[in-house]
Amino acid sequence: MLRMALPTGRTLKQAAPLLEKAGYAPVESLSETRKLLVPSKCGRLEYLLVKPVDTPLYIEQGVAEVGICGKDVLMEVGADLLEPLDLGISRCRMVVAGRPEIERRLDNLLSPVRVASKFPRVAQNHFRKKGTPCTVFKLSGSVEIGAVLGLSHYIVDIVETGTTLKENGLVVHEEIAECSARLAVNRAAWYARLAELRELLSNLKQAVEGD
Ligand code: PRP
């Protein structure tokens, strides 16, 4: 039996029907149960339910051979994992956003730009690449308020429908990356459990392409 780390929350809602379509329906509803380990009806998978930001760690450490991770989280964590399949779900954009009026030019190299983000590493890397000095404040959620109240000039965050930005009077200033959920695999497991993982990959691929 392979263990698959699954992120709870928004991605799980979209991943559950895909997993079912691929032949790996769980024995009970993954969004309703309080259990953290749930087997599939077919007995070939065991689901491990964890916070989205923790999924790469469980896979990298081999506690789960495989898992579903958002590209946003993979970029932030920088885990050394194989990413053999884009599942095409949980599509969003990683952006630099802020108030519509430019308060602080992004190409001003003289003083650090202040940035609030749940993705501090992505934010640092983005501004470093541009050669813009920055101070990054790590927040755990409700990031938009950082730019609204002036904690930061900008935020680096994911945008899905754009509603949260709009309702808080913010706009996108730059796009950093297109993100979606990926099938992520532990490198050692790919060799040790090749046949099982190939079968899983092929079933998931069919479920993704059959849409
Ligand atoms: C995410 C993200 C944005 C929002 C974007 O937050 O950080 O705030 O969703 O989605 P939208 O473009 O569809 O409005 P989440 O809902 O995970 O809540 P959080 O702020 O508590 O992290």
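The opening residue of the sequence shown carries number 0 in numbering that gives the first Met the number 0; numbering runs sequentially from there.
Every residue gets a Cβ at the ideal spot worked out from N, C-alpha and C, and that includes glycine.
Fair warning: this is a prediction, and the values are worked out from it, not measured in the lab.
Close Cβ partners of residue i (< 6 Å) along its chain, the five nearest in sequence each way excluded
i    : result
P6   : P51 and T54
E173 : V95
A176 : M93
I67  : L5, A14 and A180
E195 : L1
F126 : C133
M74  : V121
Three-state class that DSSP yields for residue i in the structure shown
i    : result
Y46  : strand
E19  : helix
I88  : coil
H152 : coil
A188 : helix
G258 : Since the first residue shown for the chain is 0 and the last is 210, residue 258 is missing from the structure and cannot be characterised.
A78  : coil
S39  : strand
P111 : coil
E31  : coil
S201 : helix
K137 : strand
Contact test: residue i Cβ vs the ligand PRP heavy atom, cutoff 8 Å
i    : result
V147 : no
V114 : no
K117 : yes
E173 : no
G161 : yes
E211 : Look at the range of the chain in this structure, 0 to 210, and you will see that residue 211 is not part of it.
D79  : no
E143 : yes
R90  : no
G140 : yes
V215 : No statement about residue 215 is possible, as the shown extent of the chain runs from 0 to 210 and does not include it.
CB of residue i within 9 Å of CB of residue j, strictly
i    : j    : result
K34  : E27  : yes
L44  : L199 : yes
G145 : F136 : yes
A148 : R113 : It should be noted that the sequence gives Leu, not Ala, for residue 148. Going by C-beta atoms, L148 is not nearer than 9 Å to R113.
L169 : P119 : no
R9   : S89  : yes
T163 : E143 : yes
G77  : C91  : no
Own chain residues within Cβ distance below 7 Å of residue i, not counting five before or after
i    : result
D85  : S179 and R181
L11  : L5, L29 and S30
K165 : none
N202 : A21 and G22
Y153 : V95, A96, G97, V112, V114, A146 and H172
C41  : G22 and Y23
Distance between beta carbons of residue j and residue i, contact taken as under 8 Å
i    : j    : result
L138 : S110 : At roughly 21 Å, the Cβ-Cβ gap does not stay under 8 Å, so L138 and S110 are not in contact.
I157 : D71  : 5 Å
V184 : L81  : 4 Å
A187 : G61  : 6 Å
Beta-carbon proximity list for residue i, same chain, < 8 Å, skipping 5 on both sides
i    : result
Y57  : A4, L47, V49, A63 and G66
W189 : L81 and L196
Residue-level contact to chain E via CB, residue i, 9 Å cutoff
i   : result
R33 : Any reference to chain E falls outside this structure, which holds one protein chain only.
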